[in-house]
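For reference, the structure is listed below as structure tokens.
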Amino acid sequence: MTPQWRKSTRSGGNNGGMTECVEVAKLPHTVGLRDSKAPAAGHLTLTPATFAALLTEAKRNDLNL
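Right, here's the structure in full:
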């Protein structure tokens with residue numbers, strides 16, 4: 001089964017029509033994240049619980065990066 005990679009509708013196209021953002025896909029038992037600029041570079045896999053925690057922290061702007 002080929003993953004269906006998705007990105008935010010807010011990612012826009014301000015770079016000559018190219019959108020550069022993180023893409024997300026539901027994978028068997030995990031969630032995949034990859035860079036839309038370099039999809040062939042591979043992807044990061046997270047458990048659904050870890051992905052949910054990441055989203056919560058990002059929405060709160062509490063990632064301390």
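The numbering of the sequence shown is full-length UniProt numbering, which starts it at 1 and goes up by one.
Glycine included, C-beta positions come from ideal geometry on N, C-alpha and C.
Determine the extent of the alpha helix (DSSP H) in which Ala58 is found, giving its start and end residues.
Within the sequence shown, numbered from 1, the residue matching residue 58 stands at position 58. From DSSP, the alpha helix (DSSP H) with Ala58 extends over 48-59.
Range covered by the beta strand (DSSP E) that runs through Leu27
For the purposes of this step, residue 27 is taken as residue 27 along the sequence shown, with counting starting at 1. Leu27 -> beta strand (DSSP E) spans 22-27.
How big is the Cα-Cα spacing for Thr30 and Ala53?
In the sequence shown, the residue the question calls residue 30 occupies position 30. In the sequence shown, the residue the question calls residue 53 occupies position 53. Cα to Cα, the separation comes out at about 14 Å.
In terms of DSSP beta bridges, what is Leu44 paired with?
The sequence position of residue 44 within the sequence shown is 44, counting from 1. Paired residues: Leu33.
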